[in-house]
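Please read the structure below before turning to the comments.
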Amino acid sequence: EDKVVQSPLSLVVHEGDTVTLNCSYEVTNFRSLLWYKQEKKAPTFLFMLTSSGIEKKSGRLSSILDKKELSSILNITATQTGDSAIYLCAVEPGANSKLTFGKGITLSVRP
Amino acid sequence: ETGVTQSPTHLIKTRGQQVTLRCSSQSGHNTVSWYQQALGQGPQFIFQYYREEENGRGNFPPRFSGLQFPNYSSELNVNALELDDSALYLCASSWGGTSGNTIYFGEGSWLTVV
């Protein structure tokens, strides 16, 4: 059975801090690892990492896939209150869009 | 806006009742997946429909059932509701065979069972 574990489950930081969110996985026939941001309802896509694309960056957010350790990190630099959300990590086994999610990490950024 | 619409957005049901949730997929998408997200948990895969056929199911009992229509919209039906069915139900549409960054989620339906 595919499994995704995220840590920590929650954290509180102050604006301007840098945070690192962790995700480890066990999956048969790995195709991709996805990061989403969820602010109450629909998860919003952030990054997709694959065996051929192990680093992604967009503004203050960046993510790395460690294929050997079966893990990924999501970094957020210079955090803002608008970064407060649940961050979800998911893995996709094969090209079938059936995702296995972790429990999510609740990030609170205080002014 | 993802183009995936779900209805209703919120509903309250009594234990033992039945509920139907609806999802209109993104234009051009032929695959719909349903997820259940309980409070404090990540979304859990319920099942997927591809071209009107069930194409995989997660660890959910048979009282969770679904349909996909010729226009690729979909329904999730839950019979004999239990208190633990209270959750956000997310619909995700995609085009079969594409990778994860082209999966689009709807805003979800909040179900409360009392």
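Going line by line, the protein sequences match chains R and W.
Per my numbering, the first sequence starts with residue 1, numbered consecutively.
Per my numbering, the second sequence starts with residue 1001, numbered consecutively.
Ideal Cβ placement from N, Cα and C applies to all residues, glycine included.
Everything numeric in this text was worked out from a predicted model, so none of it was measured.
Subject >> Integer Cβ distance of residue 1090(W) from residue 1061(W), believed to fall under 8 Å >> reply: Not a contact, Cβ separation roughly 19 Å.
**OP:** Give the interface partners of residue 1067(W) over in chain R, defined as CB-CB distance under 7 Å, in chain order.
**Re:** Those do not exist, as residue 1067(W) stays about 18 Å from chain R at its closest Cβ, beyond 7 Å.
Original post:
Can you find a CB in chain W that lies within less than 8 Å of the CB of residue 62(R)?
Top reply: Using beta-carbon distances, residue 62(R) does not count as an interface residue toward chain W, since no partner is under 8 Å.
Subject >> Cβ neighbour criterion (16 or more within 10 Å) applied to residue 55(R) >> reply: Exposed: under 16 other Cβ atoms inside 10 Å.
**OP:** Give me the Cα-Cα distance between residue 34(R) and residue 1069(W), rounded to the nearest whole angstrom.
**Re:** Using only the alpha carbons, I get a separation of about 29 Å.
Original post:
I think residue 1047(W) touches residue 1057(W), with their Cβ atoms under 8 Å apart; what is that distance to the nearest whole Å?
Top reply: With a beta-carbon spacing of about 4 Å, residue 1047(W) and residue 1057(W) fall inside the 8 Å limit used to define contacts.
**OP:** Using alpha carbons as the reference points, say which of 28(R), 78(R), 90(R) and 30(R) lies closest to residue 105(R).
**Re:** Comparing Cα-Cα distances from residue 105(R) to each of 28(R), 78(R), 90(R) and 30(R), the minimum goes to 90(R).
**OP:** Find the nearest neighbour of residue 1040(W) within the set 31(R), 101(R), 19(R) and 109(R), judged by alpha-carbon distance.
**Re:** The residue with the shortest Cα to Cα distance from residue 1040(W) is 101(R).
Subject >> Test: residue 1018(W) CB closer than 8 Å to a CB of chain R >> reply: Chain R, which has no Cβ nearer than 8 Å to the Cβ of residue 1018(W), makes this no.
Original post:
Starting from residue 1073(W) and walking both ways along the beta strand (DSSP E), at which residues does that stretch end?
Top reply: Unbroken run through residue 1073(W): none, as it is neither H nor E.
Subject >> Residues sharing a beta bridge with residue 66(R), DSSP >> reply: Beta-bridge pairing links residue 66(R) to 71(R).
Original post:
Is residue 100(R) close to chain W, meaning its C-beta is less than 8 Å from at least one C-beta of that chain?
Top reply: Yes - at least one Cβ of chain W is within 8 Å of the one on residue 100(R).
**OP:** Check whether the Cβ of residue 1026(W) lies closer than 8 Å to any Cβ atom in chain R.
**Re:** Not one beta carbon of chain R lies nearer than 8 Å to the beta carbon of residue 1026(W).
Subject >> Residue-level contact to chain W via CB, residue 67(R), 8 Å cutoff >> reply: Output row for residue 67(R): interface = no.
Original post:
Candidates 1114(W), 1086(W) and 1003(W): which alpha carbon is nearest residue 1023(W)'s?
Top reply: For the options 1114(W), 1086(W) and 1003(W), the alpha carbon positioned closest to that of residue 1023(W) is the one of 1003(W).
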